[in-house]
Amino acid sequence: MALVDDLKDYIARNSTPTTVIKEKHNVVIVGETHAFLKSTESEIRTKAAVRLLLELLADVNYKYFANESYQNKGKIRSGVDDYLRTKTLPPVFDPKQTGLDVEEIGKRVLVRRYQPVLDFIRTNPRYILNMGTLIDGEGRDAALAQHFLDEFKARGLHLGDAGVMLLGSNHASATSDFEYSTVRQILQKSSVSCVSVKVLTDFKKGDTPDDAVFEQNNKPLSDLTVGDIIRLTSLVDKTPVTIAVNRSWTNSRASPFWRLTFGQSKVSVAAQFEYIVLQKA
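Just add 21 to the spot in the sequence shown (first one is 1) and you have our numbering.
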């Protein structure tokens, strides 16, 4: 398959074992596929995101960590605050336990999910920006962006101050698939310069694995099948690996990532993210 060969060649020329961001930016946005809330089945997603967050936050130029999973108010925020102050963890979530509301479940799961990041921040102080919201649907991106800006201002930060943000990958995209703007697009309208990094693992549940991409315009999205899948982690020998998706290539050709889509998206991979990080379980 010519596209697969092109991808292998491009990746060999434009990948690094660590993430080196060359673009000028204020915020590096890590776009993850969220791990399941009530089971550990997709734990590799958390492992991959946390590893990258720790790698990025080791740079002293990043002054804060903003997280979609940390609610702007309520039980999850109090759980994060408690851990930062006294290293007190909420009870472990038991899937067999009934009667817990979604915020209590979130508190028990999400404080622990990113515990290594909180441990790092306890010893290497960074601001925590709780930008999460209970708003869903079309208004979610706008609410997340506003909560980020509110938290940013409340900490006395300025537009030149750099940081790391964790979002679901749709919110992190530089180009929206919908009529409404993504979090990144909204922030850029507020003069916040962003770079987006998508974390992909080899986790698979059902027919479509996390690292699946498809050849763009090969056929309508509605007609894509399992047989059309290209698995990005299968193209590299070792992970984690970071790929800059829109670099120069041989004979001045455009990156092959312009010819790929994530399947559910009409927008090419290269139009959505500057970098992709691959990690196998």
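Even for Gly, the Cβ is constructed at its ideal location relative to N, Cα and C.
Counted within 10 angstroms of its Cβ, other Cβ atoms place residue i as buried (16 or more) or exposed
i, result
"Val213", "buried"
"Phe169", "buried"
"His179", "exposed"
"Pro277", "buried"
"Ile297", "buried"
"Arg134", "buried"
"Phe173", "buried"
"Asn145", "exposed"
Run of the beta strand (DSSP E) containing residue i, from where it starts to where it stops
i, result
"Thr222", "215-222"
"Gln237", "Here Gln237 belongs to no beta strand (DSSP E), and DSSP marks it neither H nor E."
"Ile297", "296-300"
Where residue i sits in the DSSP three-state scheme
i, result
"Gly227", "coil"
"Tyr85", "strand"
"Leu155", "coil"
"Phe114", "coil"
"Ser60", "coil"
"Tyr104", "helix"
"Leu187", "strand"
"Gly248", "helix"
"Gly177", "coil"
"Gly127", "helix"
"Gln285", "coil"
"Ile142", "helix"
Where the alpha helix (DSSP H) containing residue i begins and where it ends
i, result
"Asn272", "Counting along the chain, Asn272 falls outside any alpha helix (DSSP H), and DSSP gives it neither H nor E."
"Val25", "23-34"
"Ile207", "204-210"
"Ile50", "Note, Ile50: premise wrong, no alpha helix (DSSP H); beta strand (DSSP E) at 48-53."
Presumed contact (8 Å Cβ cut-off) between residue i and residue j, rounded CB distance
i, j, result
"Ala265", "Asn35", "5 Å"
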